[in-house]
Structure formats: structure tokens, C-alpha cells
Amino acid sequence: MAETAEVVFPAPFDPTFQCAIPVSDGQTVIEQARNWQTVEADLGSADDIRAYCIGKQEWCTASVEWHITGFVQSEWFGLTWGAVTWKTAVLFNLDPQNPSLTVLREAPPHPSGDDALRTLGIPCPDATTVERALASLRQAANAAADATRSWPSGGLSGLPRTYEGAMVRQTRGQRMRMGETSAG
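For the sequence shown, position 153 matches number 184 in this note's numbering, and the numbering has no gaps at all.
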């Protein structure tokens, strides 16, 4: 079954879905999965399994959650490992001589959680790469924060207030995710 998931994934999703990239000490970065290349599909869970007999053939359906690992082109870490969780509804037969699995329905992939990442044992980028990436992230966030401080007291000229607020929240969120404790 896992081989079929490896061949089928990624289906026609947005080519830049998000994935989890383990960094170190149990920390994870969520980033767009550009140029994803699947390496392995692991069965995370199977629920709601039902069996049917059509003629002399036995078939089953199930809700299956896959943990997919692969190489991803990261904006900050270069070529590295990533992981996503992919929920599907599948149809499969019980014939060991001629196994078959078909994905009937699927949800877009989402970044794998910490428990799945620990189970998958994905290697982290080397420390030098992580340090360079974090320095670049901090520099980008600080530049964005500096830009927001230089805005006129009336806010962003020409932008509706909803966009202005969203930009300010996004900048603050980026700074907080990078370890800065101040929300301002």
C-alpha cells in the first residue's frame, strides 16, 4: 500500500503546499514545499475499515492517514528533508498475489506534527545551515519590522485598514516565531 501512496503523492495539489522541516532539539520549521520529491510513505493510521465481497473478489475501504517524507527545496535551508501528513479514503483488495490500492478521495497535505516527525526519524539540516538560515530569517523579520516602524502614524497609505492590520500581525508573528519575546 505504501508504494502506491508514494507513486500517487503528490496529487494535483498546489505545488507549494506546506511541510514540516525538523531543525534540531525537537524544533520544527513550517515552510512551503517547493520542488517536492517523495522518498517514502508510511502508514500513519487506518480507520473506518469496511470489507465488501463483489463476485469472488474481496475489497475493503478505509480512511488512511499517510506520513510522507521527501526532499524539498527550502528557501532557508536549501535541499533538505520534509514531512507532510496526507489523509485519504482508499479502496484496496485482499489478494496477496495481485494487491491493488486506489485513492478515492484525498485532502490537501499538511505539515506533519511532532509525534510523526519523531517516529519518521527525519535527519535535520547540519548546524551551520541552520545557523545561516536563522540569521537570514531574523534579518528579514527585522527589516520588515523596521519598515512598519517607518510607516506614517496614519498607517499604510493607500491600503485598506484590514490589510494594514494583517501586515502588522504577520510581521509581529514572524518576530515571535523566531524567538523574540516582545510582540512590539
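Glycine included, C-beta positions come from ideal geometry on N, C-alpha and C.
DSSP three-state assignment for leucine 190, whether helix, strand or coil: Confidence is the limiting factor: at leucine 190 the pLDDT is only 49, short of 50, which leaves the residue's position unreliable, though a coordinate-based value still follows. Correct three-state label for leucine 190: coil.
Please identify the residue among Pro53, Phe48, Asp79 whose C-alpha is closest to the C-alpha of leucine 151. Answer by Cα proximity: Pro53.
In whole angstroms, what separates the C-alpha of serine 55 from that of tryptophan 112? Approximately 13 Å between the Cα atoms of the pair.
Check whether the region 99-107 and the region 123-133 touch, using three or more Cβ-Cβ pairs below 8 Å as the test. No, the region 99-107 does not touch the region 123-133.
Would a C-beta distance cut-off of 8 Å place arginine 143 and alanine 114 closer than the cut-off? Correcting the residue type first, residue 143 is serine in the shown sequence and not arginine. Yes, the pair counts as a contact, with Cβ atoms nearer than the cut-off.
According to the neighbour-count rule (16 or more other Cβ atoms, all chains shown, within 10 Å of its Cβ), is alanine 138 buried or exposed? The residue is exposed, with fewer than 16 neighbouring Cβ atoms inside 10 Å.
Is the beta carbon of alanine 120 less than 8 Å from the beta carbon of serine 94? Their beta carbons are under 8 Å apart, which means alanine 120 touches serine 94 by this criterion.
Quick one: measure Cβ to Cβ for cysteine 91 and phenylalanine 123, integer angstroms, because I've assumed they're closer than 8 Å. Cβ atoms of cysteine 91 and phenylalanine 123 come within 8 Å of each other, at about 6 Å.
Whole-angstrom Cβ separation of alanine 51 and leucine 110, contact assumed at under 8 Å? That belief does not hold up - the Cβ atoms of alanine 51 and leucine 110 are roughly 16 Å apart, past 8 Å.
Could you give the distance in angstroms between the alpha-carbon of histidine 141 and the alpha-carbon of isoleucine 61? Separation of histidine 141 and isoleucine 61 (C-alpha to C-alpha, rounded to the nearest whole angstrom) is 10 Å.
Sequence-distant residues of its chain with Cβ nearer than 6 Å to leucine 190 (five each side left out): Residue confidence is low: leucine 190 scores 49 on pLDDT, short of 50, so the model does not pin down where it sits. No coordinate-derived value is stated.
Among residues of its own chain, excluding the 5 on either side of threonine 59, which ones have a beta-carbon nearer than 7 Å to its beta-carbon? Around threonine 59: Ala51, Ile52, Pro53, Asp145, Leu148.
With a threshold of 16 other CB atoms inside 10 Å of the CB of methionine 209, please say whether the residue is buried or exposed. The predicted position of methionine 209 is uncertain, since its pLDDT is 49 and thus under 50; no value can be drawn from it.
Among Leu74, Gln104, Phe48, Gln88, which residue has its Cα nearest to the Cα of asparagine 66? Ranking the options by Cα distance to asparagine 66, first place goes to Gln104.
Going along the chain, which residues of its own chain have a beta-carbon closer than 7 Å to the beta-carbon of arginine 136, five neighbours each way excluded? The beta carbon of arginine 136 is closer than 7 Å to those of Thr119, Ala120 in its chain, skipping five residues each way along the sequence.
Spatial distance of tryptophan 117 from alanine 82 (CA atoms): Approximately 23 Å between the Cα atoms of the pair.
For a test of the three-state rule: what should DSSP assign to asparagine 26, helix, strand or coil? This structure leaves residue 26 out entirely; the chain is present only between 32 and 215.
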